[in-house]
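Enquirer: Residue numbers (this note's numbering): 199 to 324. Note that beta-carbon positions come from the ideal geometry of N, C-alpha and C, so glycine has one too. Sharing a structure here in C-alpha cells format.
Following this line, the structure appears as C-alpha cells:
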C-alpha cells in the first residue's frame, strides 16, 4: 500500500501544480491557489519522509502530517468551488483524488497503529 500512496500523492501533486498554474495565469487567483499549492504538494513530501523514516513512530508521525495536509487541501478545494473560482467539473475531478488519498492515508495509519499494538517495537539494548 505504501507504494500506492507514493505514486498517488506524487501524481496528485502534479495535478495541484497544474491547477495552481491555471488559477494564477488564467483565473488570476493568487491567495487560495498558493495555500492549495502548499498543502497539496506537501502530502507527497511527507509520504516520502515517512517512507524514509527511522522508526515506526517517525513513520506514523509523517503519515499523520500527510493526512492533515490532505484534509487541508480538501478544504481549499471546497473553498475554491464555493467561491466560484473553479467549476463543478474541475471540483469533482480533483476532490475525488484528494479524498481517495485521505482514505488511503487513514488506512495506513490504522493498520500501522494496530501492528504496533500487536507487535510493539523492541529495545535493542534490552
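State buried or exposed for residue 264, treating a residue as buried only when at least 16 other CB atoms are found within 10 Å of its CB.
Expert: Residue 264 should be labelled buried.
Enquirer: If you follow the alpha helix (DSSP H) that residue 275 is in, where does it begin and where does it stop?
Expert: Unbroken alpha helix (DSSP H) run through residue 275: 254-280.
Enquirer: Can residue 300 and residue 280 be called in contact, C-beta distance under 9 Å?
Expert: It is not a contact, given that the beta carbons lie outside the stated cut-off.
Enquirer: What first and last residue would you give for the alpha helix (DSSP H) that runs through residue 251?
Expert: No alpha helix (DSSP H) holds residue 251; DSSP gives it neither H nor E.
Enquirer: For residue 242, count the other beta carbons within 10 Å of its own beta carbon; 16 or more makes it buried, fewer makes it exposed. Which is it?
Expert: Counting Cβ neighbours within 10 Å, residue 242 comes out buried, since at least 16 surround it.
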